[in-house]
Structure formats: C-alpha cells, structure tokens
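When you read off a place in the sequence shown, starting at 1, and then add 2, the result is the number in our numbering. A virtual CB, placed ideally from N, CA and C, is assigned to each residue, including glycine. Comments concern the structure below.
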Amino acid sequence: FIGRCPVTNDEYARFVQATGHPSPAVRTLPPVGSGEREEEFKTLAAAYEWDAGKPPHNRAEHPVVLVRFDDCVAYCRWLSDELNRIVRLPTEAEWEKAARGGVDSLRYPWGDEVGSGSCNFLANGRRKSESGTQPVGSYPSNGFGLFDMVGNVWEWVADFSTAMVTGDARGDTGLDRQLFCGAGSEG
Numbered sequence: 003f004i005g006r007c008p009v010t011n012d013e014y015a016r017f018v019q020a021t022g023h024p025s026p027a028v029r030t031l032p033p034v035g036s037g038e039r040e041e042e043f044k045t046l047a048a049a050y051e052w053d054a055g056k057p058p059h060n061r062a063e064h065p066v067v068l069v070r071f072d073d074c075v076a077y078c079r080w081l082s083d084e085l086n087r088i089v090r091l092p093t094e095a096e097w098e099k100a101a102r103g104g105v106d107s108l109r110y111p112w113g114d115e116v117g118s119g120s121c122n123f124l125a126n127g128r129r130k131s132e133s134g135t136q137p138v139g140s141y142p143s144n145g146f147g148l149f150d151m152v153g154n155v156w157e158w159v160a161d162f163s164t165a166m167v168t169g170d171a172r173g174d175t176g177l178d179r180q181l182f183c184g185a186g187s188e189g
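Pasting the structure below:
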C-alpha cells in the first residue's frame with residue numbers, strides 16, 4: 003500500500019503535537035539551496051515555516067514541506083503506532099511504479115506533455131516567488147487513484163534513486179537516504 007496523496011500539514015501537525023517532534027523549518031540547507039542560492043532559498047521557504055508548532059496559515063491541506071529524511075522516518079514510526087501496522091517510506095522503485103499509475107510507455111501518467119491541468123509545476127523559474135504548493139488532490143488522480151505523484155513538491159523515499167545515476171528508475175542500488183523528485187522534502 004502507498005498513501006493516496008502526500009502528507010498534509012494538518013496530518014503532520016497531529017504528529018508534532020502528539021510527540022513534541024520539531025516542526026518543519028529550515029534547519030540545514032540541502033546542497034541545492036546553499037552557497038549563492040541560500041538567501042533565495044530562505045526567502046522562498048519562509049511562507050512554509052511553522053510558528054509555535056502550527057502549520058502556515060491557509061496551508062492545512064497543502065503537503066508538508068521543509069521536512070528532512072529523519073523527520074519522515076519519525077513520522078512513519080509514529081503513524082505505525084497509531085494505526086497498529088507498519089508504515090514506511092516507499093523504495094524508489096515502489097514510488098516510481100505508484101507514480102506511473104500503471105502507465106509505462108508515456109513520459110507522465112497522463113501523456114507525454116505537461117500542462118497546468120495535469121499537475122502543479124514551475125514553468126518559469128523567474129516567477130518562483132509567485133508560485134507555491136497547491137492543496138493535495140487539486141489535480142486528477144493517476145491510474146492507481148493516487149494524487150500529486152508528479153509535481154507540487156519533492157518526495158522522500160527509503161533508498162537511492164538509480165535514475166540519478168543511470169537514467170533507469172526501475173533498478174535498485176541499495177544505497178540509503180537519497181532524495182527523489184516527486185511530498186515533503188527539505189526544499
């Protein structure tokens with residue numbers, strides 16, 4: 003099983019409130035946000051930072067962001083206890099299969115072109131400050147009934163993405179804790 007949509011701020015808030023786990027924030031910048039991009043990254047992230055353990059205003063149903071790998075693992079452990087069943091991050095291969103929604107021959111689950119009715123994406127990088135996340139489920143589901151598997155936010159998976167190395171997202175290298183594009187990253 004895999005979640006039908008990314009974890010929302012509201013869902014993550016229950017975890018933060020129940021456990022006292024630190025709320026999402028910019029703690030350490032990922033490699034893509036350091037150096038000359040640091041100020042821009044912090045400015046863009048400000049709209050997503052939590053205040054006193056509460057999600058950003060008007061973003062309750064948006065996917066949680068600014069979470070690190072260890073935050074995701076802690077959330078999965080907590081949710082496992084809450085549901086009395088194992089909850090974990092998917093492997094990259096599991097995530098890729100779920101994201102494709104049963105379609106292997108096309109670039110995206112809906113076809114070979116991306117458009118504003120398909121997913122939330124940034125077409126013009128210069129307008130980054132005017133864009134942002136959208137509430138989960140704002141776009142049609144894929145063939146497996148899953149929402150927001152493409153676009154909106156980056157997603158954590160349990161293992162290394164071979165697509166970054168070989169261009170083939172269907173393999174498995176067994177390496178740990180790497181980021182794969184797709185809910186809730188540190189960026």
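Selection from Asn-86, Cys-78, Glu-115 and Phe-71 that minimises the alpha carbon distance to Trp-156:
To locate residue 156, count along the sequence shown from 1; it is residue 154. It is Phe-71.
Reduced DSSP category for Asp-197 - H, G, I as helix; E, B as strand; rest coil:
One cannot answer for residue 197 here, as it falls past the ends of the chain, which runs 3 to 189.
To the nearest angstrom, how far is it from the Cα of Arg-29 to the Cα of Gly-37?
Position 27 of the sequence shown, counted from the first residue, corresponds to residue 29. Position 35 of the sequence shown, counted from the first residue, corresponds to residue 37. Near 15 Å, if we compare the C-alpha coordinates of Gly-37 and Arg-29.
Gly-37 - DSSP class collapsed to helix/strand/coil
By 1-based counting over the sequence shown, the position of residue 37 is 35. DSSP places Gly-37 in helix when its eight states are reduced to three.
Note down, one range per segment and in chain order, each alpha helix (DSSP H) of at least 4 residues found wholly within the segment 42–121.
Listed in chain order, the complete alpha helix (DSSP H) runs (minimum 4 residues) inside the segment 42–121 are 71–85 and 94–102.
Drop a sphere of 10 angstroms on the beta-carbon of Glu-41, count the other beta-carbons inside from all chains shown, and report buried for 16 or more, exposed for fewer.
Counting from 1 along the sequence shown, the entry for residue 41 is found at position 39. Taking a 10 Å sphere around the C-beta of Glu-41, we find fewer than 16 other C-beta atoms and assign the residue as exposed.
Could you check what DSSP says for Thr-21 in three-state terms: helix, strand or coil?
Locating residue 21 in the sequence shown gives position 19, where the first residue counts as 1. If DSSP states are grouped into helix, strand and coil, Thr-21 belongs with the helices.
Assuming Thr-10 contacts Val-105 (C-beta within less than 8 Å), just tell me the rounded distance between them.
On the sequence shown, residue 10 is found 8 positions in, with the first residue counted as 1. On the sequence shown, residue 105 is found 103 positions in, with the first residue counted as 1. With a beta-carbon spacing of about 26 Å, Thr-10 and Val-105 fall beyond the 8 Å limit used to define contacts.
For Asp-161, name the three-state secondary structure that DSSP assigns.
Position 159 of the sequence shown, counted from the first residue, corresponds to residue 161. Strand, per DSSP.
On the DSSP bridge list, what partners appear for Thr-10?
Position 8 of the sequence shown holds residue 10. Pro-65, per the DSSP bridge assignment.
Run through DSSP, which three-state label would Arg-29 get?
For the purposes of this step, residue 29 is taken as residue 27 along the sequence shown, with counting starting at 1. DSSP places Arg-29 outside both helix and strand once states are collapsed to three, so it counts as coil.
Contact the segment 112–122 vs the segment 51–58: 3+ CB pairs below 8 Å:
They do not touch, by the three-pair rule.
For Ala-125, which of helix, strand or coil comes out of DSSP?
Here residue 125 is taken as the residue at index 123 of the sequence shown, counted from 1. Three-state DSSP puts Ala-125 in coil, outside helix and strand.
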